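To convert, take the position in the sequence shown, counting from 1, and add 8; that gives my numbering. Quick reminder that beta carbons are idealized off the backbone N, C-alpha and C, glycines included. Since the model is a prediction, treat every value here as computed from it, not as a measurement.
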Amino acid sequence: MRKLVEEHSWIKRLLALIPAIVDDLRASGEMNAGLMREILDFIRGYADRFHHMKEEDILFDYTDEEAEIIGVIYADHDRARGFVKAAAQAIEDGDISAFCVNLSAYRNLLTQHITKEDEILLPYIDRGLSTHQVGEIFRRFKEAESEAGDDVPGKYEGLILELERQFQDKEIEGCHTPTKDVQAPA
Ligand SMILES: [Fe+2]
Ligand SMILES: [Fe+2]
9 MRKLVEEHSW IKRLLALIPA IVDDLRASGE MNAGLMREIL DFIRGYADRF HHMKEEDILF
69 DYTDEEAEII GVIYADHDRA RGFVKAAAQA IEDGDISAFC VNLSAYRNLL TQHITKEDEI
129 LLPYIDRGLS THQVGEIFRR FKEAESEAGD DVPGKYEGLI LELERQFQDK EIEGCHTPTK
189 DVQAPA
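In structure tokens:
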């Protein structure tokens with residue numbers, strides 16, 4: 009559980025940078041496809057493949073998959089994938105605005121999602137685990153991580169540090185599009 013919470017903290021560091029990144033893209037009005045792809049690469053390679061997959065393919069084996077909270081978590085993961093898909097399409101279309109709208113919607117969703125997991129889901133699952141199961145999950149996480157490649161966390165943590173260097177001190181001018189009602193495409 010500690011491992012997943014630690015991964016959340018890296019994902020939250022990206023989420024914290026998104027307003028500054030979005031403002032920068034909008035202000036410049038220029039397609040910075042390299043930067044846009046790097047952000048999506050982190051979301052897909054780390055947040056989704058490396059992290060969400062461990063939740064879905066390993067952790068949820070140790071809980072009641074019919075439980076309401078698990079359904080909510082799966083639905084969040086799916087909606088997140090929808091926003092990422094739409095953001096990738098926006099890069100292809102050269103549509104900065106659509107990219108920013110979908111990235112901001114992803115941020116709103118994931119911020120709430122991580123809070124649900126840290127405060128409700130992980131403590132709920134943790135309470136039901138035996139010591140033996142904790143050991144088994146630990147082993148399966150390790151296996152999944154070496155399958156993904158041992159360089160994966162380091163690569164993506166490096167990317168976050170680089171983005172923080174670029175964007176952390178940028179003034180946020182509060183010109184983001186409200187994204188509350190944006191729905192992920194089906
Ligand atoms: Fe998570
Ligand atoms: Fe999750």
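Where S36 falls: helix, strand or coil (DSSP): In this structure, S36 counts as helix in the three-state DSSP scheme.
Collapsed DSSP secondary structure at Q176 in the structure displayed: For Q176, the secondary structure class from DSSP, reduced to helix, strand or coil, is coil.
Quiz: which residues have CB nearer than 6 angstroms to ligand 2 non-hydrogen atoms: Environment of ligand 2, chain-ordered: H60, E63, I81, H85, H121, E125, taking every residue with Cβ within less than 6 angstroms of a heavy atom.
Three-way DSSP call (helix, strand, coil) for E105 in this model: The question names Glu, but residue 105 is Ser in the sequence shown. Helix.
Length of the line joining the Cα atoms of L33 and L171: Rounded to whole angstroms, L33 to L171 spans 14 angstroms at the Cα level.
As assigned by DSSP and simplified to three states, the class of T123: In this structure, T123 counts as helix in the three-state DSSP scheme.
Reference V30; option with closest CA among L43, K20, D65: Nearest C-alpha to V30: L43.
Cβ-Cβ separation, Y54 to Y164 (assumed contact under 8 angstroms), whole Å: Contact flag correct, Cβ pair sits at about 4 angstroms.
Cβ-heavy atom distance, L48 to ligand 1, below 7 angstroms: Every heavy atom of ligand 1 is 7 angstroms or more from the Cβ of L48, so no.
Continuous alpha helix (DSSP H) stretch holding L48: start and end: Judged by DSSP secondary structure, L48 falls within the alpha helix (DSSP H) whose first and last residues are 41-50.
Environment of H140 [buried if 16+ CB atoms lie within 10 Å]: Exposed: under 16 other Cβ atoms inside 10 Å.
Environment of R173 [buried if 16+ CB atoms lie within 10 Å]: Classification for R173: exposed.
D84 to R45 span [Cα, whole Å]: A straight-line Cα-Cα distance of about 22 angstroms links D84 and R45.
Collapsed DSSP secondary structure at L12 in the structure displayed: When secondary structure is reduced to three states using DSSP, L12 falls in the helix class.
Sequence-distant residues of the same chain with beta carbon closer than 7 angstroms to M39, five excluded per side: Contacts found: G102, I104.
Alpha-carbon to alpha-carbon, G37 and E76: So the alpha carbons of these two residues sit roughly 43 angstroms apart.
Top-ranked residue by Cα proximity to R10, from D134, R21, E155: That would be D134, whose Cα lies nearest to the Cα of R10.
G157 - containing alpha helix (DSSP H), residue span: Counting along the chain, G157 falls outside any alpha helix (DSSP H), and DSSP gives it neither H nor E.
Closer than 7 angstroms: H140 CB and nearest ligand 1 heavy atom: H140 Cβ: outside cutoff for every heavy atom of ligand 1.
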